[in-house]
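Novice:
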Amino acid sequence: MAKFVITFNLPDFFDEEFLALIPPHRALVNQLIEANIVEAYAISATRTRGWITMNGETPEAVRAIVEQFPLYRFFRRVEIDELFLFDSSTSRFPRVSLN
(Lines of atoms letter the chains of each structure in order from A and count residues from 1; the text may use other names and numbers.)
(Lines give C-alpha, C1' and ligand atoms only; values in the text may rest on other atoms or scores of the structure.)
Protein backbone atom coordinates (compact mmCIF):
# COMPACT_ATOMS: atom_id res chain seq x y z
CA MET A 1 0.00 0.00 0.00
CA ALA A 2 1.33 3.44 -0.94
CA LYS A 3 1.47 6.56 1.23
CA PHE A 4 0.07 9.88 0.09
CA VAL A 5 0.11 13.40 1.41
CA ILE A 6 -2.97 15.52 0.87
CA THR A 7 -2.50 19.28 1.03
CA PHE A 8 -5.44 21.67 1.15
CA ASN A 9 -6.41 25.22 2.00
CA LEU A 10 -9.25 26.22 4.27
CA PRO A 11 -11.50 29.28 3.97
CA ASP A 12 -10.42 32.54 5.59
CA PHE A 13 -13.63 32.67 7.63
CA PHE A 14 -15.43 29.80 9.36
CA ASP A 15 -19.20 30.26 9.36
CA GLU A 16 -21.70 28.38 11.56
CA GLU A 17 -22.13 25.61 8.97
CA PHE A 18 -18.38 24.97 8.95
CA LEU A 19 -18.14 24.99 12.75
CA ALA A 20 -21.09 22.57 13.07
CA LEU A 21 -19.28 20.07 10.84
CA ILE A 22 -16.08 19.98 12.91
CA PRO A 23 -17.25 17.28 15.41
CA PRO A 24 -18.37 14.75 12.75
CA HIS A 25 -15.26 15.58 10.71
CA ARG A 26 -12.98 14.86 13.68
CA ALA A 27 -14.92 11.66 14.46
CA LEU A 28 -14.31 10.37 10.91
CA VAL A 29 -10.63 11.36 11.02
CA ASN A 30 -10.26 9.55 14.35
CA GLN A 31 -11.89 6.42 12.87
CA LEU A 32 -9.51 6.54 9.92
CA ILE A 33 -6.53 6.94 12.26
CA GLU A 34 -7.68 3.91 14.26
CA ALA A 35 -8.06 1.93 11.00
CA ASN A 36 -4.49 2.93 10.02
CA ILE A 37 -5.74 4.70 6.90
CA VAL A 38 -4.77 8.17 8.13
CA GLU A 39 -1.24 8.35 9.52
CA ALA A 40 -1.17 12.04 10.41
CA TYR A 41 -3.55 14.98 10.30
CA ALA A 42 -2.37 18.57 10.78
CA ILE A 43 -3.78 22.08 10.46
CA SER A 44 -1.53 25.15 10.43
CA ALA A 45 -1.56 27.56 13.38
CA THR A 46 -3.23 30.12 11.12
CA ARG A 47 -5.99 27.57 10.38
CA THR A 48 -5.66 28.22 6.66
CA ARG A 49 -3.78 25.13 5.46
CA GLY A 50 -3.90 21.43 6.22
CA TRP A 51 -2.00 18.21 5.58
CA ILE A 52 -3.07 14.59 5.81
CA THR A 53 -0.74 11.64 5.42
CA MET A 54 -2.78 8.65 4.29
CA ASN A 55 -2.34 5.05 3.17
CA GLY A 56 -4.09 3.96 0.00
CA GLU A 57 -3.87 1.94 -3.18
CA THR A 58 -4.18 4.77 -5.71
CA PRO A 59 -4.60 8.55 -5.76
CA GLU A 60 -8.20 7.99 -6.87
CA ALA A 61 -8.91 5.74 -3.87
CA VAL A 62 -7.40 8.32 -1.53
CA ARG A 63 -9.42 11.12 -3.12
CA ALA A 64 -12.61 9.06 -2.69
CA ILE A 65 -11.92 8.83 1.05
CA VAL A 66 -11.05 12.53 1.38
CA GLU A 67 -14.25 13.47 -0.46
CA GLN A 68 -16.21 11.74 2.33
CA PHE A 69 -14.88 14.17 4.96
CA PRO A 70 -17.72 16.35 6.27
CA LEU A 71 -15.57 19.47 5.74
CA TYR A 72 -14.45 18.48 2.25
CA ARG A 73 -16.71 21.00 0.50
CA PHE A 74 -14.75 23.75 2.28
CA PHE A 75 -11.34 22.43 1.17
CA ARG A 76 -9.67 24.55 -1.50
CA ARG A 77 -6.76 23.64 -3.80
CA VAL A 78 -6.69 19.97 -2.79
CA GLU A 79 -3.48 18.27 -3.92
CA ILE A 80 -2.73 14.56 -3.57
CA ASP A 81 0.88 13.43 -3.93
CA GLU A 82 2.21 9.89 -3.64
CA LEU A 83 5.22 9.76 -1.35
CA PHE A 84 8.45 8.00 -2.21
CA LEU A 85 9.69 8.20 1.38
CA PHE A 86 7.89 8.77 4.66
CA ASP A 87 9.89 8.52 7.87
CA SER A 88 8.74 9.57 11.31
CA SER A 89 9.41 8.84 14.95
CA THR A 90 6.09 7.00 15.21
CA SER A 91 7.15 4.51 12.55
CA ARG A 92 10.15 3.41 14.59
CA PHE A 93 10.48 1.15 17.58
CA PRO A 94 9.39 2.74 20.86
CA ARG A 95 12.14 4.31 22.94
CA VAL A 96 13.37 2.26 25.83
CA SER A 97 12.49 3.68 29.23
CA LEU A 98 14.29 2.43 32.33
CA ASN A 99 11.47 3.51 34.63
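Note that the numbering used here has the sequence shown beginning at 1222, numbered continuously upward.
Here a beta-carbon is modelled for each residue, glycine too, at the ideal position from N, C-alpha and C.
Taking the runs of the alpha helix (DSSP H) that are 4 residues or longer, which of them lie wholly in the region 1260-1310?
Specialist: Qualifying alpha helix (DSSP H) stretches, in chain order: 1280-1287.
Novice: Cα-Cα, which of F1225, F1295, V1287 and E1303 is closest to L1400?
Specialist: Within the shown structure, residues of the chain are numbered from 1222 to 1320, placing residue 1400 beyond reach of any answer.
Novice: Can you tell me which of P1245, A1285 and R1294 puts its alpha carbon nearest to the alpha carbon of I1301?
Specialist: Cα-wise, what sits closest to I1301 is A1285.
Novice: Check this for me: beta carbons of F1229 and V1283, under 8 Å apart or not?
Specialist: No, the pair does not count as a contact, with Cβ atoms beyond the cut-off.
Novice: With a threshold of 16 other CB atoms inside 10 Å of the CB of V1259, please say whether the residue is buried or exposed.
Specialist: V1259 is buried by the Cβ-count criterion.
Novice: Could you spell out where the alpha helix (DSSP H) holding N1251 opens and where it closes?
Specialist: Residues E1237 to E1255.
Novice: Sort F1290, F1235 and F1305 by Cα distance to V1299 and report the nearest one.
Specialist: For the residues F1290, F1235 and F1305, the minimum Cα distance to V1299 belongs to F1290.
Novice: Can you give me the C-alpha to C-alpha distance between A1263 and L1319, rounded to a whole angstrom?
Specialist: The alpha-carbon atoms of A1263 and L1319 are separated by roughly 32 Å.
Novice: Quick one: Cα of A1241 to Cα of A1223, how far?
Specialist: Cα-Cα distance, rounded: 33 Å.
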